[in-house]
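In the numbering used here, the protein residues as written are 1450 to 1642. Each residue gets a CB set at the ideal place from its N, CA and C atoms; glycine is no exception. Everything numeric in this text was worked out from a predicted model, so none of it was measured. In what follows, a single structure is set out as structure tokens and then discussed.
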């Protein structure tokens, strides 16, 4: 059976990239997008956009390809739609590190994954891969953290992250705190007076 993945913000910059990669990898992707521009972008790629109440129920994994400042709000909004054991996969450590996820759902899995971007001095031989500074064509490594949920869910989260950001050099397991420290934006924000 194919793993069902709902991608929230599927028509946005990161959401569109990971949606296409997940489709290419054979996942049952539900592209959730509320913005008109995002819905148009998905349509131009022959990807049908669905509403939250259509795409989220029954999904095994829900990818939050959303701005950091609304992840907590949206996670609380969708929480009643999620079955026990569902994984919420967040693409950045800011909201999880700030404890901005539903604390009243210990039956959900919270997983954080982030790309490391291709190495500046890689061994890519194809011109397109050598000019790819954000990944997707060039190989890159990823970091993953299981914040909440059973240990056996780590493998699923890492598998989805590998598909979203392929091709992958290595996957490194870290904690959410380590990921937050490594991610420059949050490090600067936490250090502000």
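Span separating the alpha-carbon of residue i from that of residue j
{"i": "residue 1524", "j": "residue 1462", "result": "20 Å"}
{"i": "residue 1555", "j": "residue 1489", "result": "36 Å"}
{"i": "residue 1604", "j": "residue 1611", "result": "10 Å"}
{"i": "residue 1617", "j": "residue 1496", "result": "25 Å"}
{"i": "residue 1491", "j": "residue 1608", "result": "24 Å"}
{"i": "residue 1601", "j": "residue 1561", "result": "15 Å"}
Inter-residue CB distance, residue i and residue j (contact presumed, cutoff 8 Å)
{"i": "residue 1624", "j": "residue 1594", "result": "6 Å"}
6 Å Cβ shell around residue i - same chain, five flanking residues per side excluded
{"i": "residue 1464", "result": "1456, 1458 and 1514"}
{"i": "residue 1527", "result": "1505"}
{"i": "residue 1621", "result": "1592"}
{"i": "residue 1474", "result": "1612"}
{"i": "residue 1544", "result": "1517, 1520 and 1521"}
Within 9 Å, strictly: CB atoms of residue i and residue j
{"i": "residue 1536", "j": "residue 1510", "result": "yes"}
{"i": "residue 1472", "j": "residue 1501", "result": "no"}
{"i": "residue 1486", "j": "residue 1460", "result": "yes"}
{"i": "residue 1540", "j": "residue 1505", "result": "no"}
{"i": "residue 1479", "j": "residue 1453", "result": "yes"}
{"i": "residue 1565", "j": "residue 1597", "result": "no"}
{"i": "residue 1550", "j": "residue 1606", "result": "no"}
{"i": "residue 1542", "j": "residue 1629", "result": "yes"}
{"i": "residue 1614", "j": "residue 1467", "result": "yes"}
Beta-ladder partner(s) of residue i, from DSSP
{"i": "residue 1559", "result": "1537 and 1597"}
{"i": "residue 1621", "result": "1592"}
{"i": "residue 1513", "result": "1457 and 1539"}
{"i": "residue 1477", "result": "1453"}
{"i": "residue 1564", "result": "1591"}
{"i": "residue 1498", "result": "1480"}
Same chain, Cβ closer than 7 Å to residue i, neighbours up to 5 away in sequence not counted
{"i": "residue 1626", "result": "1546"}
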